[in-house]
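Numbering-wise, our numbering comes out as the position in the sequence shown, counting from 1, plus 880.
Ideal placement from N, C-alpha and C gives every residue a C-beta, glycine not left out.
For reference, the structure discussed in these notes is given below.
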Amino acid sequence: MKLKLLFGFLISLLASSVMAETRLNVVGLFSGKALVSINGSAPQSIGVGQTKNGVKLVSADSESATFVVEGKRQTLKMGQAASVAGSAGPVSNDPVSLYADSRGHFTGKLSINGASLKYLVDTGASTVAMNSGDAKFAKIDYEKGEKVPVNTANGMVMAYLVTVNTLKIGTITLNNVDVIVNEGGSPSMVLLGMSALNKLDMKRDNSIMTLTKKY
């Protein structure tokens, strides 16, 4: 009996360690703003379009608020709470929803070699592009890549073409993605170009873009 209890305890401990959750509790609602407690924290105010502790507020009024956590949409009313499973466990490749900012741009955070980087969806870029500082942060040995000419706002420059083994966008994992690395600080964030977007189905509904892995 003791062995069974110990085994059950170890299983539950393992399960809790591989599946993180974000606990969200709505304590106040206003037009364009929500007052929330995240993982038991003191109540904090979030405006539409803002992200705090991985929680983004999409819309809010006096009746309800809609959030996005780990690419998952959650609508809550005053006093309601929810626990949203994080991505610490196995990647599911579920669709990821992005929401346009005030300029109509779709941005988010991706992961390369465990490094979290901000990205901008850029259908006009033939490949994913990043600056050398972000590449070093993601432990990419880009100087071993192929030198290629690239057109920039300052004219033609030489950059490095490398292949990233794994690139994660929320619950989606992409493998063998071509990336251009530019020396210096341009671009200011990772441009999610067609070398990644070609592996995804993109559907846009007004200010919402949904990404789904093709294969």
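Does the separation of the CB atoms of residue i and residue j fall below 7 Å?
i	j	result
Leu-1071	Asp-1002	yes
Ser-996	Lys-989	yes
Ile-1060	Leu-1077	no
Val-1030	Ala-1018	no
Thr-1092	Asp-1085	no
Leu-909	Ser-942	yes
Thr-1032	Gly-1073	no
Ala-940	Ala-914	yes
For residue i and residue j, which I take to be in contact (beta-carbon distance under 8 Å), what is that distance rounded to the nearest angstrom?
i	j	result
Val-1057	Ser-1068	Val-1057 to Ser-1068, Cβ: 20 Å. No contact.
Val-928	Val-916	The Cβ separation is near 13 Å, so there is no contact.
Val-1012	Gly-1064	Checking the displayed sequence, the identity of residue 1012 turns out to be Ser instead of Val. Indeed, because the Cβ distance is near 6 Å, the residues count as touching under 8 Å.
Once the 5 residues before and after residue i are set aside, which same chain residues still bring their CB inside 8 Å of it?
i	result
Val-971	Bear in mind that a pLDDT of 46 at Val-971, under 50, signals an unreliable position, so the model cannot answer this.
Quick check on the DSSP output: the alpha helix (DSSP H) that includes residue i runs from which residue to which?
i	result
Ser-1075	1074-1077
Asp-1014	1012-1017
In the DSSP assignment, find the unbroken beta strand (DSSP E) run with residue i in it and report its ends.
i	result
Ile-992	987-992
Pro-1029	1026-1032
Val-928	Per DSSP, Val-928 belongs to no beta strand (DSSP E) and is neither H nor E.
Arg-983	Neither: Arg-983 is in no beta strand (DSSP E) and is coded neither H nor E.
Lys-1114	No answer is possible for residue 1114: the residues shown for the chain start at 881 and end at 1095.
Kindly list the residues whose CB is nearer than 7 Å to the CB of residue i, restricted to its own chain and excluding five residues on each side of it in sequence; keep chain order.
i	result
Ser-1087	Tyr-979 and Ala-980
Val-948	Lys-936, Val-938, Ser-977 and Tyr-979
Thr-1046	Thr-1053 and Asn-1055
Lys-952	Val-964
Gln-960	Val-906
Lys-1094	Lys-1079, Leu-1080 and Asp-1081
Gly-1004	none
Gly-912	Gly-927, Val-928 and Ala-940
Please list, in chain order, all residues of the same chain as residue i whose beta carbon is under 6 Å from its beta carbon, the five residues on each side excluded.
i	result
Ser-944	Thr-955 and Lys-957
Contiguous alpha helix (DSSP H) assignments of at least 4 residues, all confined to the stretch 1042-1090: Counting only unbroken stretches of 4 or more residues, the alpha helix (DSSP H) elements lying wholly within the stretch 1042-1090 are 1074-1077, in sequence order.
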